[in-house]
Amino acid sequence: MLVASEAEVAVVITVSKIATKNQERFVKESILEVQNITKEVNSPEGVLTILKDVNLTINSGDVTSIVGPSGSGKTTLLAIMAGLDLPSRGRIMLMGHEITTMNEDKRAQVRSNDVGFVFQSFHLLPRLSALDNVMLPLEILGDKNAKKKSMEALNQIGLEKRVKHLPNQLSGGEKQRVAIARAMVKQPKILFADEPTGNLDKTSTEVISDLLFSINRSFQTTIVIVTHDLLLAQNCETMHELNEGSLKC
Numbered sequence: 079m080l081v082a083s084e085a086e087v088a089v090v091i092t093v094s095k096i097a098t099k100n101q102e103r104f105v106k107e108s109i110l111e112v113q114n115i116t117k118e119v120n121s122p123e124g125v126l127t128i129l130k131d132v133n134l135t136i137n138s139g140d141v142t143s144i145v146g147p148s149g150s151g152k153t154t155l156l157a158i159m160a161g162l163d164l165p166s167r168g169r170i171m172l173m174g175h176e177i178t179t180m181n182e183d184k185r186a187q188v189r190s191n192d193v194g195f196v197f198q199s200f201h202l203l204p205r206l207s208a209l210d211n212v213m214l215p216l217e218i219l220g221d222k223n224a225k226k227k228s229m230e231a232l233n234q235i236g237l238e239k240r241v242k243h244l245p246n247q248l249s250g251g252e253k254q255r256v257a258i259a260r261a262m263v264k265q266p267k268i269l270f271a272d273e274p275t276g277n278l279d280k281t282s283t284e285v286i287s288d289l290l291f292s293i294n295r296s297f298q299t300t301i302v303i304v305t306h307d308l309l310l311a312q313n314c315e316t317m318h319e320l321n322e323g324s325l326k327c
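Just so you know, we're using the working numbering here: the sequence shown kicks off at 79 and counts up by one.
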């Protein structure tokens, strides 16, 4: 388990400061539709069914959690919803795009602008500083203001003194905050988080949970969280349970 630093204990979440000054009235509509999704894979014992006829609708601005035991198919479902994997049967509608009929290049194009990811293991590049890690998605998009936007993102989550630090010089909670800043710097419409607090101690877990909910309140970002953390899951607007490949609402 990774332990929080003293800086994380004292950090004040100020994400709301980077919200758009003149927020328009937000009307919820469907942003993600999971329709009759089944996922099967071949194994030495025969066909293994990971997901069974899963249906789910998530509206814009919702914070939704999916819980379930290890091996229940949570991460597989998240990957399919985000277009990182394809189902054996069924349809995924993501921001109006039927991504299940697209090739990988087209799915990647949908993800590049409007989808953010946060992972349990952070996925930071070890030889890049915190700032460079956050800048990376903007540089790939050719954004000329990548450094300025990334500095602002790190400042607003309390890491202005860590911008030059490499990942191995950061605590677990700090690494996850950098990963969240990287995911949010392009202001995606939807954020997928796979066990975002899974490697963290209690204090860092609270910091990361508060940060995710602050992001949702400030930007109306839709957030889908796969987690074992029941407290985090229960604080979401909706919680679903996945067990043996079947989803309970």
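Don't be surprised by glycine CBs; every beta carbon is placed ideally from N, CA and C.
Contact check, residue i vs residue j, beta carbons under 9 Å
i, j, result
"isoleucine 109", "asparagine 137", "yes"
"alanine 231", "alanine 259", "yes"
"lysine 117", "aspartate 163", "yes"
"histidine 318", "serine 148", "no"
Distance between beta carbons of residue j and residue i, contact taken as under 8 Å
i, j, result
"leucine 308", "lysine 152", "With 8 Å as the limit, leucine 308 and lysine 152 do not qualify as a contact, their Cβ atoms being about 14 Å apart."
"valine 145", "alanine 311", "5 Å"
"isoleucine 115", "isoleucine 170", "7 Å"
"glycine 323", "lysine 130", "4 Å"
"proline 274", "leucine 248", "With a Cβ gap of about 16 Å, proline 274 and leucine 248 do not count as contacting."
"leucine 278", "valine 196", "Not really, about 12 Å apart at Cβ, beyond 8 Å."
"serine 228", "leucine 209", "6 Å"
"glycine 236", "isoleucine 286", "The Cβ separation is near 12 Å, so there is no contact."
"leucine 203", "asparagine 211", "6 Å"
"glycine 194", "methionine 262", "6 Å"
"cysteine 314", "threonine 142", "6 Å"
Through-space distance from residue j to residue i, alpha-carbon basis
i, j, result
"aspartate 140", "asparagine 294", "8 Å"
"valine 304", "glutamine 113", "19 Å"
"arginine 205", "methionine 213", "14 Å"
"leucine 172", "methionine 159", "8 Å"
"threonine 300", "arginine 240", "28 Å"
"serine 207", "glutamine 187", "26 Å"
"phenylalanine 297", "valine 125", "42 Å"
"threonine 265", "arginine 255", "In the sequence under discussion, the amino acid at residue 265 is glutamine, which differs from the threonine named in the question. For glutamine 265 and arginine 255, the distance between alpha carbons rounds to 15 Å."
"glutamine 234", "asparagine 191", "21 Å"
"threonine 281", "aspartate 288", "11 Å"
"glutamate 217", "arginine 189", "15 Å"
"lysine 225", "asparagine 246", "21 Å"
"proline 331", "serine 166", "Since the first residue shown for the chain is 79 and the last is 327, residue 331 is missing from the structure and cannot be characterised."
"serine 150", "leucine 156", "12 Å"
"glutamine 198", "proline 215", "19 Å"
"threonine 316", "phenylalanine 200", "25 Å"
"threonine 283", "threonine 178", "34 Å"
"lysine 222", "lysine 267", "21 Å"
"methionine 180", "glycine 168", "13 Å"
"glutamate 176", "glutamate 182", "13 Å"
"threonine 154", "asparagine 120", "15 Å"
Residues sharing a beta bridge with residue i, DSSP
i, result
"methionine 317", "Ser143"
"glycine 194", "Leu269"
"aspartate 326", "With the sequence shown as reference, residue 326 is identified as lysine, and aspartate is not the correct amino acid for it. Partner(s): Glu319."
"leucine 329", "Given a span of 79 to 327 for the chain in the structure shown, any question on residue 329 remains unanswerable."
"valine 304", "Ile144 and Asp272"
Heavy atom of the ligand MG within 8 Å of residue i beta-carbon
i, result
"histidine 243", "Within the structure as shown, the ligand MG is missing, as the structure has no ligands at all."
Taking only runs that begin and end inside the region 249–292, name each unbroken beta strand (DSSP E) of 3 or more residues, in chain order. If we require 3 residues or more, the beta strand (DSSP E) runs fully inside the region 249–292 come out as 268–272.
Enumerate, from N- to C-terminal direction, the unbroken alpha helix (DSSP H) stretches of 4 or more residues contained entirely within the region 207–235. DSSP runs (the alpha helix (DSSP H)) wholly in the region 207–235: 208–218 and 224–234.
Curious, which full-length beta strand (DSSP E) runs of at least 3 residues does the region 115–169 contain? Positions of the beta strand (DSSP E) runs, each at least 3 residues long and wholly inside the region 115–169, are given as 124–137 and 141–145 in order along the chain.
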